[in-house]
Structures are given as C-alpha cells and as structure tokens.
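*Asks:* Taken in sequence, the protein lines are chains A and B. Here the first sequence stands for residues 1 to 105, where the numbers follow the working numbering. Here the second sequence stands for residues 1001 to 1105, where the numbers follow the working numbering. Positions of the beta carbon are idealized from the N, C-alpha and C atoms, including for glycine.
2 protein chains.
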Amino acid sequence: MTTTTRELTHPDLADVQLSAVLFALSDPTRLDLVRQLATDGTLTVAECQSIGAEVPKSTFSHHLKTLREAGLVRNEPAGRKRTVTLRRAELDQRFPGLLAAVLAD
Amino acid sequence: MTTTTRELTHPDLADVQLSAVLFALSDPTRLDLVRQLATDGTLTVAECQSIGAEVPKSTFSHHLKTLREAGLVRNEPAGRKRTVTLRRAELDQRFPGLLAAVLAD
DNA sequence: GCTACCGTTCGACTTACATCGAACTGTTGG
DNA sequence: CCAACAGTTCGATGTAAGTCGAACGGTAGC
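Right under this line is the structure:
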C-alpha cells in the first residue's frame, strides 16, 4: 500500500535527539541487542533473535524498529534475509563516548 | 537536632541498572534538569523549577522522584526548602564516561 | 502557637509503550 | 512458477508513564 520497497528509512544522525537514543537504550532487550551487535558486528535478524531472550518475532521486530528510528542500527535487506548493523562510527561522531560508556557496563 | 525527619530514600548506585539510568535521562525535562545541576551544582527545588520549562510543581516533583530513584540525584531537606544535587562522583564511578557523554551533547 | 510557605503524595485521567498472533510482502530454492 | 521462508506491519489488549489539581506534612517566620 504505502511502499513496495524493502528498504526501511534510517534517520540522519544529525537529526536524532539524545533523548531518543537514551530511550531506545533504556529497554533491556534492546540494550542487549546493541551489545550483541557491538561484539559480533553485522548479524541477520534471525541471528540476533536466536541469541537474545526468546521473544516472538513481531515483538523483536518492534524493538528493532525502535532502535532503527533512534538511529542506533541499520536494518537492510540481504536476499531473503535482513542484516542488522550498529551505526557505531556515526554514533561515535554524533555522541562521542556515549556508546563506549553504555557498552562498558 | 535540626536533622530533619523527612528524608527520602536514595538507592545505592551499585544496585541501579544502567537501563534505569538511561530511562530517567530519556525524558527531555529530566535531561535538562540534570544538565542544570551539572553546571550550577546544588540547587533548591524551586530554583530548578524556575529555570526549566514551566510545569506544575506536582509534575516536577514526579520527575525529581524518577531521577532520585534511578540514582541520579540526591534530594534532601534543607530547612523549609529542599536541595537537589547531581550524584556526579558516584555516577562517574559506577558508569564511567556516561555522564560526560550525555552532558557533552 | 498560628500561619504562610515549600515540596511531596494522592487520585483521576490521558497517552505512550510493550506484547503477541495473524495477515501480509518480498525473496529465493526447487 | 510456486511453495516455503524471513521479517515487517496490523490490530487488539494490557500495562506503565506523564500530567495536573488538590490535599497533606514539615518547617520556619512572625
């Protein structure tokens, strides 16, 4: 209806508010996923999901959306699957030290 | 003694979860207050409130409670008034670099 | 001692978010 | 092609959080 493209929209980090990033990270499930991506690099959605707590895929997709809209991750089509990547370099530039502090805990 | 009986409870920072801190900081009103305290040091509740956006005192008190329960601020009686202080040193020890990154933006 | 003052707590209301099943869309393997 | 697959979106539901007026409890000034 709205779009036939598999590409999802990713915000420019210049437009992202710190409060939105902090909110996205304030959920334990999402925080775990970010940690996951920080250590493992790019993963497919299924891989992310399998390692974290067991949660229905619709719920997981919702969290992914929250992280994506807050500029934390990229979610891109890769054949029949999808890859998820932490936007680390961009985040480090936009919010220096934030990711490091969050991941250190 | 002049020590007041109206002490509020403050969590030990060892017991606070990162996600709770991030959540507390994810609200713009609360984030502003933390910034306020970071630059001005200890303030009375009235002083905090007067500088930030105009909000009813009950609402403001609610935000203060959220910050207090997340271990971000101390709220202590001071005569007829109350002082609010950022728990900076403790936070820096518990979550190194976090406050700096948040305040830098 | 009253009384005005500062700030928290209470209660009611509204809105935002989390959760999950089911339906849907695009994609590839056979 | 078409059937199975990978994930997102939709819709419904429960719960948590924000907002605010009013009531309450200490404290100090007079």
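#1: Suppose the cutoff is 6 Å on Cβ atoms and the five residues either side in sequence are ignored; what does the same chain contact list for leucine 98 of chain A look like?
#2: Are the region 1056-1072 of chain B and the region 1016-1034 of chain B touching, with three or more C-beta to C-beta distances below 8 Å?
#3: If contact is defined by three or more beta carbon pairs under 8 Å, each pair taking one atom from either stretch, is the region 40-49 of chain A in contact with the region 74-92 of chain A?
#4: Could you pull out every residue in the same chain whose Cβ sits closer than 8 Å to the Cβ of leucine 1031 of chain B, ignoring the five residues on either side in sequence?
#5: Can you tell me the Cβ-Cβ gap for leucine 33 of chain A and glycine 52 of chain A, rounded? I've got them flagged as a contact below 8 Å.
#6: How long is the line joining the alpha carbons of arginine 1094 of chain B and lysine 65 of chain A, rounded to whole angstroms?
#7: Using a 10 Å radius around the Cβ and a threshold of 16 neighbouring Cβ atoms, would you call valine 1016 of chain B buried or exposed?
#8: Determine whether the Cβ of glutamine 17 of chain A lies closer than 9 Å to any Cβ atom of chain B.
#9: How is glutamate 76 of chain A classed by DSSP in three states: helix, strand or coil?
#10: Ignore the nearest five residues each way along the sequence and tell me which others in threonine 1003 of chain B's own chain have a CB closer than 8 Å to its CB.
#11: Can you list, in chain order, the stretches of the beta strand (DSSP E) that have 3 or more residues and sit fully within the region 1008-1082 of chain B?
*Replies:* In short:
#1: Position 98 of the first sequence holds residue 98 of chain A. Once the five neighbours on either side are set aside, leucine 98 of chain A has no close Cβ partner at all.
#2: yes
#3: yes
#4: Position 31 of the second sequence, counted from the first residue, corresponds to residue 1031 of chain B. So the list reads Leu1025, Val1102, once near-sequence residues are dropped.
#5: Here residue 33 of chain A refers to the residue found at position 33 of the first sequence. Here residue 52 of chain A refers to the residue found at position 52 of the first sequence. The pair is a contact, with the Cβ atoms about 6 Å apart (cut-off 8 Å).
#6: Taking the first residue of the second sequence as position 1, residue 1094 of chain B is located at position 94. Taking the first residue of the first sequence as position 1, residue 65 of chain A is located at position 65. Annotation: arginine 1094 of chain B to lysine 65 of chain A spans about 30 Å, alpha carbon to alpha carbon.
#7: One-based indexing of the second sequence puts residue 1016 of chain B at position 16. Answer is buried; the Cβ neighbour count reaches 16.
#8: Counted from its first residue, the first sequence places residue 17 of chain A at position 17. Yes, contact with chain B.
#9: Indexing the first sequence from 1 puts residue 76 of chain A at position 76. Residue state, collapsed to three classes: strand.
#10: For this step, residue 1003 of chain B is matched to residue 3 along the second sequence. Here the model assigns threonine 1003 of chain B a pLDDT of 41, short of 50, so the residue's position is not dependable and the matter cannot be decided.
#11: If you keep only unbroken beta strand (DSSP E) runs of at least 3 residues inside the region 1008-1082 of chain B, you get 1073-1078.
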